[in-house]
Structures are given as C-alpha cells and as structure tokens.
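In my numbering, the protein residues as written are 15 to 346. Please read the structure below before turning to the comments.
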Amino acid sequence: MAVSPLLWTLFLFSIIFSLQSSSSSEDTPITRFQHYLRFNTAHPNPNYTAPVSFLINQAQSIGLTAKTIEFVSGKPVLLLTWLGSNPNLPSILFNSHLDSVPAESEKWIHPPFSAHKTIDGHIYARGAQDDKCIGVQYLESIRNLKSRGFVPLRTIHISYVPEEEIGGFDGMMDFAASSEFRDLNLGFAMDEGQANPGDEFRVFYADRIPWNLVIKAEGIPGHGAKLYDNSAMENLMKSVELISKFRETQFDFVKAGKAANSEVISVNPVYLKAGTPSTTGFVMNMQPSEAEAGYDLRLPPMADPDVMKKRIDEEWAPSIRNMTYTVSELCH
Ligand SMILES: *[C@@H]1O[C@H](CO)[C@@H](O)[C@H](O)[C@H]1NC(C)=O
Ligand SMILES: *[C@@H]1O[C@H](CO)[C@@H](O)[C@H](O)[C@H]1NC(C)=O
Numbered sequence: 015m016a017v018s019p020l021l022w023t024l025f026l027f028s029i030i031f032s033l034q035s036s037s038s039s040e041d042t043p044i045t046r047f048q049h050y051l052r053f054n055t056a057h058p059n060p061n062y063t064a065p066v067s068f069l070i071n072q073a074q075s076i077g078l079t080a081k082t083i084e085f086v087s088g089k090p091v092l093l094l095t096w097l098g099s100n101p102n103l104p105s106i107l108f109n110s111h112l113d114s115v116p117a118e119s120e121k122w123i124h125p126p127f128s129a130h131k132t133i134d135g136h137i138y139a140r141g142a143q144d145d146k147c148i149g150v151q152y153l154e155s156i157r158n159l160k161s162r163g164f165v166p167l168r169t170i171h172i173s174y175v176p177e178e179e180i181g182g183f184d185g186m187m188d189f190a191a192s193s194e195f196r197d198l199n200l201g202f203a204m205d206e207g208q209a210n211p212g213d214e215f216r217v218f219y220a221d222r223i224p225w226n227l228v229i230k231a232e233g234i235p236g237h238g239a240k241l242y243d244n245s246a247m248e249n250l251m252k253s254v255e256l257i258s259k260f261r262e263t264q265f266d267f268v269k270a271g272k273a274a275n276s277e278v279i280s281v282n283p284v285y286l287k288a289g290t291p292s293t294t295g296f297v298m299n300m301q302p303s304e305a306e307a308g309y310d311l312r313l314p315p316m317a318d319p320d321v322m323k324k325r326i327d328e329e330w331a332p333s334i335r336n337m338t339y340t341v342s343e344l345c346h
C-alpha cells in the first residue's frame, strides 16, 4: 500500500520538529550562557527577578548554596557559596554584575536579547562580554571541578551584583559595607575582569577612577550677527580645545607604545549642551549665555587627583573665563 503524499509530508515534518525541539532543549555550557543572555538586564530598567532565579537554579543543580540580599528593594545581590574543606580559613570571592549598559536594538544585526548564535559560533547579545560571560564561567568552572571530585580548601563565594553600570551604589557599595560581607571573612577577591577571545584569562590588579566632569561657561548673550568677546560658546570652546590637546598628549603615549590605554589619563567628550531651542531646532541668530560640555575622565592609580583638579581649576574651567565645573566620582 502506497503512503499518501500528505501523510509522508506530515511524517517528515514531525521528524524535523522533533530534531529542532531536541536541539533547542539541549543543555550545554553554551545554551546555559545563551539562556542567561536572554534576560534583559539593560539599563535604564533592568529587571533582576528572572535572571536571579535562573542563577539560583543553576547553583542548586551543582550543589552550591544560594542567598539573596536586597539592600534596596528590587535590586538583589545574589551570593553563592561552595564550602571549603577548611572553612575557617579566609575565603575567596568571585564577583560579576547582573546588569548591562543599554542597547539600541534597531542598530543591531540580531536583536540584543536573542543571544543569536551564528554558524561560525558567534553569539550576539548585550552584556555578553560585560559581563555575563564571566558570571557563567564561574558556574561552569565549578561544575567542571565538581565533576572531577575537586574540593576547595577555602570556601569560595560568588556574588552577582546589580547596578554596577550606574556606579554600584545600590549594589556592591551596600554589600561591601554590610555585616553579611564582613562575615564572609574574605582573603582574596576577584572582580569582573574582561572577556577574551582566546583561551587565556587576563587578570588586572588596578583600575582607573572614573570622573564625570561637567564644565559650564557663561558669557554675555548677543546677536548672532556681531563678533563679541567673551561669549559663553567662545569660553567653552577655548576649554574644549585645551582638553582636546591634553587628550592628544596622553593618547600619543599610547600610540607610541610607551603606555597602555589603562596607564594614561583618558578624557573623552560625551556631550555638548548649548543653544536656545526653537520650534524647529535652535534659534540660529543668537549667541547663548550658557554652554556646557560633559567628559568621561579616567585617572590611573598613579595619577595625582589634586594635580588634575588644579589643571581643571586653572586651565579647563577657570573662573577668570566665567567657567565653573563639577566632578562626580563614581568610586569613592
Ligand atoms: C520583573 O520580572 C518578573 C518576572 O520575571 C515579573 O513578575 C515582574 O513583574 C517584573 N517586574 C517589573 C517591575 O517589571
Ligand atoms: C565674565 O562675565 C562678566 C559679567 O557678565 C563679563 O563682564 C566678563 O566679560 C566675562 N569675562 C569673560 C572672560 O567671559
């Protein structure tokens, strides 16, 4: 008896379907990584609930104890623990953060929370490098060590903190000041580190202090047709030029191979704010009385913050040129 074409087609479909569903339910380090990447924890509205549950499940499946501490409601710190054979010794902490910077989805080749994997093995997702790969590697390393019967001498803790990308105030800062943190009796801690395409892991032992520098200029407003002295824009542009020159001197060290990026003071313009808004954009025939520029400035550990402040005071935002500035440090 001949099988009807329709039945044959249905049969083929069911095979294809079962193959697809078996490949999508595959549980490997890569699929677990993809799973973690699909949680949207990008700012400005990261939701930590589902990724934390996922991590707790992962942790429990490999026999780690899990505990969440909410210093600020909706912003949990997740702490996993692998007990050592001598828990009285100072312990070890591995940290990573749950959140990521925002993603402009329309500019992505693959949606930023799809964790799409290409045929050549590249995975696309916001937060993949910074730093969900790190958080997943901690768990996969432990899974691997445990499967080989390894038991650590010291207790190992793994923390997953929220809000790192916006300064860590409601995350690591509260955690580090807490009694829970003190009770960990840490002897050594490793932070997020950096993703690396190869098999080696780069370890850093220093970090730069980020400064949010905002310089503001004031000046006499004037008609756009006349050349005045001391307009706000002129005052600001003088500073912008000086800062650009300074940036070049630092960058030259890097370009000449005399210093690493992380060893110089970087200062990058991030916004400019000036002009008088109109219904179609800006009033074009008027020189504004205020203008402002924002910079991301990073100081390496050996740079003297007082010397930097003096430079800003005297050259970049001098009151003699009707300028003011603010510096907010993300780390204290
Ligand atoms: C966060 O996600 C959980 C489910 O994962 C949901 O129940 C909750 O309503 C979300 N919270 C907010 C503030 O959207
Ligand atoms: C500073 O502001 C004062 C008062 O508006 C003005 O007279 C002076 O010319 C300004 N100086 C500079 C350098 O912009």
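Positions of the beta carbon are idealized from the N, C-alpha and C atoms, including for glycine. Predicted model only: the values in this text are computed from it and were never measured.
Spatial distance of residue i from residue j (CA atoms)
i, j, result
"residue 44", "residue 140", "16 Å"
"residue 266", "residue 278", "10 Å"
"residue 54", "residue 90", "15 Å"
"residue 36", "residue 46", "Unreliable positioning characterises residue 36 in this predicted model, as indicated by a pLDDT of 45, which lies under 50. The coordinate reading is nonetheless provided below. Looking at the two C-alpha atoms, the distance is approximately 15 Å."
"residue 262", "residue 268", "10 Å"
"residue 66", "residue 180", "19 Å"
"residue 114", "residue 69", "16 Å"
"residue 124", "residue 155", "28 Å"
"residue 296", "residue 120", "27 Å"
"residue 41", "residue 48", "10 Å"
"residue 211", "residue 135", "12 Å"
"residue 264", "residue 215", "27 Å"
"residue 293", "residue 231", "25 Å"
"residue 161", "residue 146", "23 Å"
"residue 222", "residue 209", "18 Å"
"residue 133", "residue 58", "32 Å"
"residue 218", "residue 291", "46 Å"
"residue 163", "residue 88", "37 Å"
Cβ-Cβ distance between residue i and residue j below 7 Å
i, j, result
"residue 52", "residue 129", "yes"
"residue 246", "residue 303", "yes"
"residue 342", "residue 312", "no"
"residue 92", "residue 174", "yes"
"residue 198", "residue 75", "no"
"residue 207", "residue 137", "no"
"residue 152", "residue 112", "no"
"residue 73", "residue 64", "no"
"residue 244", "residue 233", "yes"
"residue 288", "residue 305", "yes"
Own chain, CB closer than 7 Å to residue i, minus 5 neighbours either side, in chain order
i, result
"residue 331", "229, 253, 337, 338 and 339"
"residue 142", "51"
"residue 193", "none"
"residue 324", "none"
"residue 202", "106"
Ligand 2 heavy atom lying under 6 Å from the CB of residue i
i, result
"residue 233", "yes"
"residue 222", "no"
"residue 336", "yes"
"residue 109", "no"
"residue 244", "yes"
"residue 249", "yes"
Contact set for residue i: own chain, Cβ-Cβ below 8 Å, skip 5 residues either direction
i, result
"residue 167", "98, 99, 100 and 103"
"residue 299", "237, 238 and 239"
"residue 183", "177"
"residue 189", "83, 85, 91, 173, 175 and 195"
"residue 220", "276, 314 and 315"
"residue 319", "223 and 313"
"residue 270", "none"
Cβ neighbours of residue i in the same chain (closer than 6 Å, five flanking residues each side left out)
i, result
"residue 284", "308 and 310"
"residue 333", "none"
"residue 335", "249"
"residue 327", "none"
"residue 329", "256"
"residue 282", "310"
"residue 127", "52 and 54"
Any non-hydrogen atom of ligand 1 within 6 Å of residue i CB
i, result
"residue 64", "yes"
"residue 102", "no"
"residue 54", "no"
"residue 61", "yes"
Expected contact under 8 Å - CB spacing of residue i and residue j to nearest Å
i, j, result
"residue 109", "residue 204", "7 Å"
"residue 78", "residue 200", "So it is not a contact: roughly 17 Å between Cβ atoms."
"residue 169", "residue 96", "7 Å"
"residue 224", "residue 301", "Not quite, the Cβ-Cβ distance comes to about 33 Å (not below 8 Å), so this is no contact."
Residue-level contact to chain D via CB, residue i, 7 Å cutoff
i, result
"residue 217", "Among the chains of the structure shown, chain D does not appear; only one protein chain is present."
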